[in-house]
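Notes for the one structure printed next.
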Ligand code: AMP
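In my numbering, the protein residues as written are 51 to 592.
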């Protein structure tokens with residue numbers, strides 16, 4: 051168990067104060083939030099709609115872990131992106147049984163000047179011996195990360211240690227410092243990160259399970275939480291949710307890209323997202339993109355002085371990202387920069403042109419946006435983004451694109467292409483809520499207002515029967531007075547109150563009251579079930 055690092059109870063505080071501090075209320079962590087009813091029903095409806103639309107395009111669900119090795123994300127998303135550089139939640143996990151090794155490492159690394167006295171030198175050497183022995187032991191038991199770098203650092207440490215000459219000798223001081231430095235960089239734990247996105251995980255799973263041997267392209271979708279330590283604001287959270295889809299396989303036919311975009315817009319239309327705009331672009335492949343990036347870099351260097359700090363830095367690290375800039379003073383300069391569409395190789399130009407034909411064929415409306423380069427490193431060729439109304443500055447509800455080299459970059463087979471997108475569920479929901487066009491979702495159907503001991507057994511029985519038919523039924527656990535019962539039915543938003551008193555219990559009937567207009571009928575069981583079902587499920591159902 052991890053300890054709460056906040057000292058909530060100091061021992062010299064009065065008992066009363068301590069008790070109060072211990073009873074402090076907990077709150078959700080900054081940037082995270084609870085999704086409560088009735089909003090949660092809207093969330094479920096949205097995710098269910100996505101599942102249905104995606105499955106109608108023959109995509110299938112994939113569930114990957116919420117944490118992975120940090121380097122999976124570093125390698126795929128790119129070291130120089132904000133997501134990897136600043137925003138990941140990372141932690142180190144020690145396998146059980148290597149705590150002693152970790153302690154020996156700490157002691158070696160922090161031992162002050164062991165070359166100064168024979169006693170310190172002796173103790174230090176014993177720690178190094180112990181460290182070497184424990185390291186070998188842990189390695190043979192498979193408790194350490196299998197890492198080329200680790201192996202090399204350990205070999206260097208052993209080699210330097212073997213050459214120690216004794217305290218006070220110049221060479222030994224250098225060797226000790228070298229041993230300390232090597233011990234310092236050896237990785238004893240495994241570095242893990244909460245996933246900031248799911249594409250890397252899906253590709254990792256694809257490779258790990260040899261999914262390239264399955265017939266055709268793999269069409270996969272997922273839904274779940276992602277984690278980025280961004281500055282929270284409207285539509286931007288530290289735990290947020292995405293539903294996304296990926297197509298992985300040997301083909302990169304433009305029809306795949308077009309089908310993915312058609313599917314996306316089908317979903318957005320179905321859930322009634324207002325004012326959606328699809329932007330598409332092509333950022334080239336590994337043949338033409340580097341040449342364009344160099345050209346862009348050269349042009350950007352010429353105007354470096356007119357750019358702000360972030361853009362200036364990106365000229366060297368990732369010039370495409372300069373095109374993402376939203377700073378008003380940089381816009382005129384960016385507009386004059388060379389455009390990627392004018393520097394695509396023949397194959398990429400043809401791919402992009404066929405994609406546009408395909409989109410026309412499918413009736414998918416879009417706008418070309420040459421500045422759409424997307425933040426993540428792994429994209430090639432097609433990139434796209436969808437914006438929606440009601441979201442202020444964070445108006446992107448979906449981003450995606452092609453990533454043809456990613457599977458190979460992650461150690462998978464060559465020649466596997468990929469395309470995918472991720473929809474920000476939080477933002478999609480926010481946009482739907484802001485538009486005021488909320489779907490009519492089934493709420494509480496029947497509130498069973500039972501009164502008198504004799505009414506209880508029939509109430510339990512009919513509640514069970516209605517629930518078995520998929521209706522939401524509330525059965526009060528304790529007897530309520532008639533007025534109170536109907537008042538509660540109303541407050542809970544029930545469609546019907548099903549009144550069962552001693553009379554009804556004796557005659558085996560039920561009084562069904564429609565709360566919207568107060569209409570009331572006495573019915574037997576089968577008539578009751580038929581009425582409720584036809585009104586809630588029939589053509590006039592809400
Ligand atoms: P990305 O994975 O960065 O391409 O983002 C895809 C979509 O996820 C974006 O268009 C947003 O809708 C959503 N998204 C990304 N980051 C956040 C965040 N911090 N909070 C809420 N939604 C986000």
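The C-beta atom is built at its ideal place from N, Cα and C for all residues, glycine as well. Note that the structure is a prediction, hence the values are computed from the model and not measured.
Just to confirm, does residue 449 get its C-beta within under 6 Å of one of the non-hydrogen atoms of ligand 1?
-> yes
Report the rounded CA-to-CA distance for residue 134 versus residue 475, giving the unit in angstroms.
-> 22 Å
Cα-Cα separation between residue 578 and residue 564, rounded to whole angstroms | 12 Å
When burial is assigned at 16 or more other CB atoms within 10 Å of the CB, is residue 264 buried or exposed?
-> exposed
Member of 537, 575, 505, 497 whose CA lies at the smallest distance from the CA of residue 546 = 497
Along the chain, where does the beta strand (DSSP E) that runs through residue 571 open and close?
-> 570–573
Which ranges does the alpha helix (DSSP H) cover as unbroken runs of at least 4 residues, wholly within the segment 353–385, from first to last along the chain?
-> 359–367, 378–385
Which of helix, strand or coil does DSSP assign to residue 249?
-> helix
Compare the C-alpha of residue 477 against each of 464, 449, 455, 457 and name the closest.
-> 449
Please state whether DSSP places residue 244 in a helix, a strand or coil.
-> strand
Which residue's Cα is closest to the Cα of residue 104: 297, 354, 403, 437?
-> 297
Rounded Cβ spacing between residue 468 and residue 253 (contact assumed at less than 8 Å) = 7 Å
Mind reading off the beta-carbon distance from residue 442 to residue 285? Whole number of angstroms is fine, and I expect it under 8 Å.
-> 7 Å
For residue 546, which residues does DSSP report across the bridge?
-> 496, 564
State buried or exposed for residue 531, treating a residue as buried only when at least 16 other CB atoms are found within 10 Å of its CB.
-> exposed
In angstroms, rounded to a whole number, what distance separates the CA positions of residue 580 and residue 556?
-> 22 Å
In DSSP terms, what residue 331 is bridged to | 433
Taking 6 Å as the cut-off, does the CB of residue 89 come closer than this to any heavy atom belonging to ligand 1?
-> no
Residue 479 to residue 111 span [Cα, whole Å] | 21 Å
Span separating the alpha-carbon of residue 177 from that of residue 198 | 24 Å
Length at least 4, wholly inside the segment 246–285: the alpha helix (DSSP H) runs in chain order = 249–258
Integer-rounded CB distance, given that residue 459 should sit under 8 Å from residue 125 | 7 Å
Which of the three DSSP states, helix, strand or coil, is assigned to residue 594?
-> Given that the chain is displayed from residue 51 to residue 592, the structure contains no residue 594 and the question cannot be resolved.
Where in the segment 65–104 do unbroken runs of the alpha helix (DSSP H), each at least 4 residues long, occur, reported from the N-terminal end onward?
-> 65–72
Contact test: residue 318 Cβ vs ligand 1 heavy atom, cutoff 6 Å = no
In or out: residue 511 buried (at least 16 other Cβ within 10 Å) or exposed?
-> exposed
Might you give, ordered along the chain, the residues of its own chain that have their beta carbon closer than 8 Å to the beta carbon of residue 417, omitting 5 neighbours on each side?
-> 327, 328, 329, 330
Going by the beta-carbon positions, is the gap between residue 549 and residue 508 smaller than 7 Å?
-> no
Do the CB positions of residue 332 and residue 434 come within less than 7 Å of each other?
-> no
Is DSSP giving residue 120 helix, strand or coil here?
-> helix
Cα separation between residue 142 and residue 387?
-> 43 Å
Using a threshold of 7 Å, state whether the C-beta atoms of residue 281 and residue 137 are closer than that.
-> no
Could you name each continuous alpha helix (DSSP H) segment of 4 residues or more that falls completely within the segment 136–194, going from the start of the chain to the end?
-> 149–160, 168–190
Continuous beta strand (DSSP E) stretch holding residue 447: start and end | 446–452
Leaving out the 5 sequence neighbours to the left and right, which residues in its chain are closer than 7 Å to residue 96 when beta-carbon positions are compared?
-> 321, 475, 478, 479
How many angstroms separate the CA atom of residue 319 from the CA atom of residue 89?
-> 20 Å
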